[in-house]
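Numbering (this note's numbering), first residue to last: 16 to 438.
Following this line, the structure appears as structure tokens:
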């Protein structure tokens, strides 16, 4: 089948359909003044003659120009060769027909690509927080004349093939269990990457979780909680270490008795390596605090990482022991908004007598409350300008970062604690 339709091809289709060539052109261009039965008659003849009518062909016919001219109109290096009036006509017809150029073909021809791969884990696509960030990222890149493509990461792979392909100019990653392997793969394929999180080997952007964690810890101390549950700690991710650093900074300022601390850790965690990792990242107070917790009986709770309902179930067991049996007041500080909301629902149904913000304190850290307007906003959380973060990500994908010149750039976005009285 032919890649594009010439004048001779239009004449052949017109002869087969027993219609004037000009009417065939209008039908192929889907002009509004052509009856639907005529369009179907022309398309039937084209199929019989084994022609494939592409959107680019339709734009060329509608704008009364050639396919080659349409191609030039969408090539940055040749766009100036098209007359302004014809360029406007092509863009109008392209908009009417919903035509966009083949970005992959353009990338192969020009050795440059507007395609940006947004590599998010498949199960995170159901999370309102990641959905909101993807929206802001796509909007940011589109405004910069880039073409963002969501490339989900499945559990079997650490990176989609498109992210490693030469048709992709840059890649956006989220910090997670595959980060180290992802950075290695992208470095080997010379793909430009930016991480939302923190990794020394790739330019990174993250909210200021250290300051936010410190503010939440200070509030918990002011409210007099007996135990602070700090969530799950993994040295492979920057966020848990940043939260621990914020807690440690506030505790270091305190005099007198301090509340008990509780931290979940992986059974295979090497404590010495975890402390070394924290120090390498400049989280020295977090390293000191982790060493202290390692030496404190009962402070570290060894268990596998869990998500969603499994986390809620295990936390309820903990709270039933600490609050229900021992009469303590507990603040839970290390949960995402989604997990915190699951725990909040469980508390409301199973333990309504535990006053939220008094017997039990609960916070999140990614402010999805505005997305859940049908729920009463009772969860204290952490907010930041997501649009500003995405602008920084986009800027880093366009900047040159010489290799072997020390740690890659790391930018921090200011955060704000949104107090809704749940802590």
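Where a beta carbon is used, it is the ideal one built from N, C-alpha and C, also for glycine.
Helix, strand or coil at residue 343 according to DSSP, with G and I counted as helix: Along the chain shown, read from residue 1 onward, the residue named residue 343 stands at position 328. Here DSSP, grouped into helix, strand and coil, assigns residue 343 to coil.
Taking Cβ to Cβ, would you say residue 235 is nearer than 9 Å to residue 348? Residue numbering aside, residue 235 sits at position 220 when the chain shown is read from its first letter. Residue numbering aside, residue 348 sits at position 333 when the chain shown is read from its first letter. Yes, the Cβ-Cβ distance between residue 235 and residue 348 is below 9 Å.
Per DSSP, which residues does residue 278 bridge with? Please list them. As a position in the chain shown, residue 278 is number 263, starting the count at 1. Residue 278 is bridged to 315.
With which residues is residue 369 paired in a DSSP beta bridge? In the chain shown, counting from the first residue as 1, residue 369 sits at position 354. DSSP lists no partner for residue 369.
Contacting residues, own chain, Cβ-Cβ under 7 Å from residue 423 (five flanking each side not counted): Taking the chain shown and counting its residues from 1, the one referred to as residue 423 is at position 408. Here the set comprises 215, 216, 217, 218, 219, 416.
Whole angstroms are fine: how far does the CA of residue 361 sit from the CA of residue 336? As a position in the chain shown, residue 336 is number 321, starting the count at 1. As a position in the chain shown, residue 361 is number 346, starting the count at 1. Rounded to the nearest whole angstrom, the CA to CA distance from residue 336 to residue 361 is 16 Å.
Determine the DSSP secondary structure at residue 136, reduced to helix, strand or coil. For this step, residue 136 is matched to residue 121 along the chain shown. Strand.
Looking at the strands, I want to know which residues DSSP matches up with residue 243. What you label residue 243 is simply residue 228 of the chain shown in a count that begins at 1. According to DSSP, which records beta bridges pairwise, residue 243 is partnered with 276, 346.
Using CA atoms only, rank isn't needed, just tell me which of 136, 238, 89, 72 is closest to residue 193. In the chain shown, residue 193 corresponds to position 178, counting from 1. Cα-wise, what sits closest to residue 193 is 136.
In chain order, which alpha helix (DSSP H) runs of at least 4 residues are fully inside the segment 200–254? You should have 224–237.
Own chain, CB closer than 7 Å to residue 459, minus 5 neighbours either side, in chain order: Coverage of the chain is limited to positions 16 through 438, which leaves residue 459 absent and any answer about it impossible.
Status (buried if at least 16 other CB within 10 Å, exposed otherwise) for residue 283: As a working mapping, residue 283 is identified with position 268 in the chain shown. Label assigned to residue 283: exposed.
Assigned secondary structure, residue 436 (DSSP; H/G/I helix, E/B strand, else coil): Here residue 436 corresponds to residue number 421 of the chain shown, with the count starting at 1. In this structure, residue 436 counts as coil in the three-state DSSP scheme.
Below 7 Å CB to CB, which residues in the same chain sit around residue 401 once its five sequence neighbours on both sides are set aside? The residue labelled residue 401 in the question sits at position 386 within the chain shown. Closer than 7 Å at Cβ, skipping near neighbours: 147, 148, 151.
How would you write the range of the alpha helix (DSSP H) that residue 301 sits in, first residue to last? For the purposes of this step, residue 301 is taken as residue 286 along the chain shown, with counting starting at 1. Bounds of the alpha helix (DSSP H) holding residue 301 are 299–309.
C-alpha distance - residue 376 paired with residue 245, whole-angstrom precision: Within the chain shown, numbered from 1, the residue matching residue 376 stands at position 361. Within the chain shown, numbered from 1, the residue matching residue 245 stands at position 230. A straight-line Cα-Cα distance of about 12 Å links residue 376 and residue 245.
Helix, strand or coil: which one does DSSP assign to residue 151? On the chain shown, position 136 is the one that residue 151 refers to. Helix at residue 151.
Can you give me the C-alpha to C-alpha distance between residue 233 and residue 169, rounded to a whole angstrom? Here residue 233 corresponds to residue number 218 of the chain shown, with the count starting at 1. Here residue 169 corresponds to residue number 154 of the chain shown, with the count starting at 1. Each residue's Cα considered, the two are about 39 Å apart.
Count the C-beta pairs between the segment 27–38 and the segment 71–89 that are closer than 8 Å, then say yes if the count reaches three, no if not. In this structure the segment 27–38 does not touch the segment 71–89; the number of beta carbon pairs closer than 8 Å is below three.
According to DSSP, which residues form a beta bridge with residue 395? Here residue 395 is taken as the residue at index 380 of the chain shown, counted from 1. 378, per the DSSP bridge assignment.
Name the DSSP beta bridge partners of residue 430, please? The residue labelled residue 430 in the question sits at position 415 within the chain shown. DSSP, once it has assigned bridges, lists 399 as partnering residue 430.
Kindly indicate which three-state DSSP category residue 174 falls into: helix, strand or coil? Locating residue 174 in the chain shown gives position 159, counting from the first residue. Correct three-state label for residue 174: coil.
For residue 278 and residue 305, what's the separation of their Cα atoms in angstroms? For the purposes of this step, residue 278 is identified with residue 263 of the chain shown, where counting begins at 1. For the purposes of this step, residue 305 is identified with residue 290 of the chain shown, where counting begins at 1. Between the alpha carbons of residue 278 and residue 305 lies a distance of about 9 Å.
Check the DSSP bridge columns for residue 180 and list the partner residues they point to. For this step, residue 180 is matched to residue 165 along the chain shown. Bridge partners of residue 180: none, in fact.
Cβ contact (3+ pairs, closer than 8 Å) linking the segment 319–336 and the segment 289–298: Touching, no, given that fewer than three Cβ pairs across the two stretches are closer than 8 Å.
Let's see if you can read the secondary structure: which residues bound the alpha helix (DSSP H) around residue 60? Position 45 of the chain shown, counting from 1, holds the residue named residue 60. Segment 51–63, the alpha helix (DSSP H) holding residue 60.
Assuming the contact rule is C-beta atoms closer than 8 Å, residue 179 and residue 200 should be a hit. Round their C-beta distance to whole Å, please. Counting from one through the chain shown, the residue named residue 179 turns up at place 164. Counting from one through the chain shown, the residue named residue 200 turns up at place 185. Beta-carbon to beta-carbon, residue 179 and residue 200 are separated by about 6 Å, close enough to satisfy the 8 Å threshold.
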